[in-house]
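Take a look at the structure set out below.
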Amino acid sequence: MNGDPKGILQTRGLRKTFGGVHAVDGVDFLLTEGELRCLIGPNGAGKSTFFKLITGQLMPSDGQIFFGGSEVTTHASHEVARLGVGIKNQKPDVFDGLSTRENLWLAAQFAHDKAGAIEQVEQVIDRLQLGAFVHRLVGELAHGQRQWVEIGMVMAREPRLILLDEPSAGMGQEERLRTAELLKELNRTTTIVVVEHDMQFIKRIADVVTVFHRGRVLREAKVDVVLNDPEVRDVYLGRTEVT
Amino acid sequence: MGWLFSDFRRPAGERPGPVWWSFVVVATAVLLSLPLTLDLAQLLDLSVVFVLALLALSMSFLWGYVGILSFGQTAFFGLGGYVYAVAAMNWGDTTLPFLLGIAIPLAFAALLGVFMVYGKISDIYFSVMTLVITLILNRAMRATSGDQYVIGDVRLNGQNGIPGVPPLQVPWDSSVTLFIDHVYYLSVVLAVLVYVGLRLLLTTPFGRILVGIRENERRIELLGYDARRYKFAAFALSGGIAGLSGTMFAIWGNFVAPEMFGLGQAAEVIIWVIVGGKSTLIGPIVGTGVIQYLTSWLGTQGVGQVTLVLGAILIVFVLLFKDGLVPTLGAAIARVFAGRRESGGGGQ
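Chain order of the listed sequences is P and S. The first sequence begins at 1 in our numbering and counts up one residue at a time. The second sequence begins at 1 in our numbering and counts up one residue at a time.
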C-alpha cells in the first residue's frame with residue numbers, strides 16, 4: 001500500500017505505546033511538498049515522539065509512515081536519513097568532542113563528494129555565521145550555538161524534508177528572528193516541519209499549524225484560526241489571549 | 001611549544017603534521033639502532049613490549065576511537081598465536097602461517113561482529129561477551145591435554161601449551177630464520193606500521209565516521225551512516241591486529257599456552273591502555289612498556305604480590321590521571337610552555 005501521492009510525508013493511524021501510555025495515539029498526518037508546517041501542543045503531547053517515529057529512532061506500536069509515497073514504517077534511522085529526512089532533535093544532538101567544522105563535515109560528507117563536502121561546510125559556516133567558533137569543540141559552546149551547529153548539520157546534508165524540534169529553544173530574541181528568517185529561506189527549496197512553543201516565532205513562519213494533544217491531532221488549520229480556537233487555547237494556552 | 005603535543009592528542013580528522021612525522025622517523029631510527037648497544041637479553045625484553053603493544057593498540061583503537069571496550073581482545077591474540085604455532089609446526093613453512101595468524105582472528109572477529117554488532121547488543125554486553133569468549137577459549141585450550149587433541153601432527157597439550165614453535169623464516173628462503181635481534185627489528189617495524197596506519201586511518205572518512213560513532217552513534221545514524229557497518233569493520237580490523245600480536249608473541253617466545261586467552265592477560269591489556277591513555281595511540285605503546293618493565297622490576301625486587309601492586313597502580317591512574325600518562329604529560333607540558341609564552345609576552 002502506498003501513501004498519498006500528494007504527500008511527501010504521511011502517517012496513518014500512527015501509534016506508540018510506552019507501558020500502556022499512548023504517547024502517540026492514532027495520528028493521521030499529511031504534509032505536502034514545499035510546506036512549512038508547525039506542530040504545537042503542551043509538553044507530553046507526543047510531538048517529539050512523533051518525530052522520533054518518523055526518523056526511525058523509535059519503532060511504532062501500530063500504524064504506517066510514508067515518505068515520498070513509499071512506506072518507511074520499519075526503516076532504521078540511517079535508511080530514513082538516506083531517503084532525505086534530516087532532523088534536529090529537541091536537545092542538542094551533536095558530536096560534543098569534535099570541532100564545529102568536523103561536525104558539519106560529518107554531515108556534509110554523506111551527501112557530497114570530497115570537494116563538495118568541503119565546499120558545503122564552508123557555505124553553511126557562512127550562511128549561519130559560525131566562523132567565530134569553527135575550530136572550537138562543540139561541547140564547549142553555549143546552548144544556542146550548539147543549536148545552530150545542529151541546524152547547520154541538518155542543512156549540510158541538503159535533505160528533502162527537515163524536522164526541527166524546538167529550533168529556537170535557548171536562543172535570544174535576535175537569534176530567534178534569525179532562525180525564523182533562515183527557516184523561511186530554507187523553505188524555498190525544502191519541506192520543513194517545526195515543533196515550537198514560541199507563538200511569536202510560529203506566527204512569523206507558519207502557514208498551517210497542527211495541534212497535538214494527548215498523542216492525537218486536536219486541530220489542523222491556518223495559524224490564525226488555530227491560535228484563536230477556544231479548545232486549543234483551553235488545552236494549550238491556558239485561555240490567555242494570543243497576541 | 002604546546003603545539004608539539006597537539007599532534008598526539010585525540011585526532012579529529014586532521015592529518016598529522018611534520019612534527020608528528022619527524023617524531024615517528026626519529027623514534028623509529030632510535031629504536032632500530034638500539035641493537036647496537038643492547039645485549040640479546042635486553043633486546044628480548046624490549047621485543048615483547050612492541051609485540052604486546054600491538055595488542056594494546058588493537059584495544060585502544062577500538063576503545064578510544066570507536067567507543068567499544070572489547071575486554072576479550074586476548075581471544076584474537078591467543079587464536080593468532082595458536083594458529084601460527086599449529087600451522088607452522090605442521091607445514092614447516094612459516095609465511096602462510098604468519099598470514100593466517102592475522103587472517104583467522106580477523107575472520108573470527110568478523111563472525112562475532114555479525115552477531116554482536118548487527119545484533120545491536122549494548123556496549124556493556126559487548127565487553128562482557130568478548131571477555132566470556134576469551135575465557136571459554138582459555139578453558140577449552142586447557143582441556144586439550146589428552147592424546148586425542150591433535151591438529152595434524154601437533155598435540156595441543158592442554159595447559160602445558162605448545163613448546164618449540166618454529167621461528168619465522170624469511171619468505172623467499174626458508175633456510176634463513178629470524179634470530180632474536182631480527183625479531184626485535186620486525187616487532188618495532190610492525191608496531192610502527194600499525195601505529196602509523198591507524199593514525200592515518202583516523203584521518204580518512206572511514207576513521208572520522210568511527211570517531212563520530214564514539215561521540216554520538218545516534219547522530220551518525222541520523223546523518224545516514226549505517227553505524228553497524230563501521231563498527232563491524234573496526235572490530236574485525238582490531239581482531240586482525242590482536243591476531244598479529246599473538247602470532248608475533250608465538251614467534252618471540254617459541255611457545256603458546258592457554259594463558260594467552262586468560263583473564264590475567266585480558267586485564268593486563270586494559271591496564272596498559274588505561275595507564276598509557278586510550279585517547280591517544282602512542283599512549284598504549286608507552287603504557288605497555290612502562291607496565292612491562294615495572295612488572296619485571298618488581299619481580300627482581302622480591303615483591304611477592306606483583307599483581308596487587310599493578311592493581312594499585314591502575315587505581316591510582318583511574319583516580320588521579322584518568323586520561324592516562326601520555327595525555328596528562330602532554331597537557332602538563334603544553335601548560336608549562338603556554339605559561340612561559342604568556343610571561344614572556346610572546347605570540348605563537
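Virtual Cβ for every residue (Gly too), placed ideally from N, Cα, C. Keep in mind that this is a model prediction, so the values were computed, not measured.
Following the continuous beta strand (DSSP E) through Glu185 of chain P, name the residue where it begins and the one where it ends.
-> Looking at the DSSP string, Glu185 of chain P is not in any beta strand (DSSP E); the run it does join, the alpha helix (DSSP H), is 173 to 186.
Use the C-beta contact count for Thr37 of chain S: other C-beta atoms within 10 angstroms, 16 or more gives buried, fewer gives exposed.
-> By the neighbour-count rule (16 or more Cβ atoms within 10 Å), Thr37 of chain S is not buried but exposed.
Using the C-alpha atoms, what's the distance from Ile87 of chain P back to Ala107 of chain P?
-> 12 Å
Under 7 Å by beta carbon: chain S residues contacting Phe110 of chain P | Leu223, Gly224, Tyr225
Should the segment 100 to 117 of chain S be regarded as contacting the segment 72 to 80 of chain S, the criterion being three or more beta carbon pairs within less than 8 Å?
-> Judged by Cβ distances under 8 Å, the segment 100 to 117 of chain S makes contact with the segment 72 to 80 of chain S, as three or more pairs qualify.
Which chain P residues sit within Cβ distance under 7 Å of Pro16 of chain S?
-> Within chain P, no residue comes near Pro16 of chain S; the closest Cβ sits about 16 Å away, beyond 7 Å.
Leu178 of chain S and Leu193 of chain S closer than 7 Å at C-beta = no
Run through DSSP, which three-state label would Thr32 of chain P get?
-> strand
Start and end of the alpha helix (DSSP H) containing Ala29 of chain S?
-> 18 to 33
Are the beta-carbon atoms of Met298 of chain S and Val286 of chain S separated by less than 7 Å?
-> First, the amino acid is wrong: residue 298 of chain S is Leu here, not Met. Going by C-beta atoms, Leu298 of chain S is not nearer than 7 Å to Val286 of chain S.
Could you tell me if Arg12 of chain P is buried or exposed, where buried requires 16 or more neighbouring beta carbons within 10 angstroms of its beta carbon?
-> Arg12 of chain P is buried by the Cβ-count criterion.
Residues bridged to Arg15 of chain P by DSSP?
-> P:Asp25, P:Asp62
Straight-line Cα distance separating Ala110 of chain S from Trp252 of chain S = 26 Å
Pro163 of chain S versus S:Ser122, S:Val86, S:Met248, S:Val49, residue with shortest Cα-Cα distance = S:Val86
Alpha-carbon spacing of Leu183 of chain P relative to Arg127 of chain P, whole angstroms | 12 Å
If you drop the 5 nearest sequence neighbours on each side, which residues of the same chain put their C-beta closer than 8 Å to that of Val170 of chain S?
-> For Val170 of chain S, same chain residues with a beta-carbon under 8 Å away, outside a window of 5 residues either side, are Val176, Thr177, Leu178 in chain order.
What did DSSP end up calling Lys231 of chain S once you bin it into helix, strand or coil?
-> helix
Is there at least one Cβ from chain S nearer than 7 Å to Ile162 of chain P's Cβ?
-> no
Just by C-beta distance, which residues in the segment 177 to 209 of chain P are closer than 9 Å to chain S?
-> none
When you check each C-beta in the segment 196 to 213 of chain S against every C-beta of chain P, which residues fall closer than 8 Å?
-> Pro205, Arg208, Ile209, Val211, Gly212
Please name the residues in the segment 301 to 335 of chain S whose beta-carbon is closer than 8 Å to at least one beta-carbon of chain P, in chain order.
-> none
Rounded C-alpha distance that separates Val139 of chain P from Val223 of chain P = Before going further, note that residue 139 of chain P is Gly rather than Val in the sequence given. Their Cα atoms are separated by approximately 36 Å.
What residue does the alpha helix (DSSP H) around Lys91 of chain P start on, and which one ends it?
-> Taken as a continuous stretch (DSSP letters only), Lys91 of chain P belongs to no alpha helix (DSSP H), as it is neither H nor E.
Between the CA atoms of Gly240 of chain S and Phe108 of chain S - distance to the nearest angstrom = 9 Å
Could you confirm whether any beta carbon from chain P is found closer than 7 Å to the beta carbon of Arg229 of chain S?
-> Output row for Arg229 of chain S: interface = no.
Going by DSSP, name the residue or residues bridged to Ala221 of chain P.
-> Answer is P:Val209.
With DSSP collapsed to three states, give me the class of Val85 of chain P.
-> If DSSP states are grouped into helix, strand and coil, Val85 of chain P belongs with the strands.
Distance, Cα to Cα, Thr288 of chain S vs Val48 of chain S?
-> 10 Å
Along chain P, in chain order, which residues have C-beta atoms closer than 7 Å to that of Glu215 of chain S?
-> Phe95, Asp96, Gly97, Leu98
Cβ distance (whole Å) where Asp93 of chain P is taken to contact Asn216 of chain S below 8 Å = 7 Å
With 7 Å as the threshold, decide whether the Cβ of Arg219 of chain S is near any Cβ in chain P.
-> yes
Beta-carbon of Arg82 of chain P versus every beta-carbon of chain S: anything under 7 Å?
-> At least one C-beta of chain S is nearer than 7 Å to the C-beta of Arg82 of chain P.
From Arg15 of chain P to Gly44 of chain P, what does the alpha carbon distance come to, in whole angstroms?
-> A direct Cα-to-Cα measurement between Arg15 of chain P and Gly44 of chain P gives close to 14 Å.
Starting from Ile180 of chain S and walking both ways along the alpha helix (DSSP H), at which residues does that stretch end?
-> Element bounds for Ile180 of chain S: 180 to 201.
Which of helix, strand or coil does DSSP assign to Ile193 of chain P?
-> It is worth fixing the name first, because residue 193 of chain P is Val in this sequence and not Ile. In this structure, Val193 of chain P counts as strand in the three-state DSSP scheme.
Three-state secondary structure assigned by DSSP to Gly207 of chain S = helix
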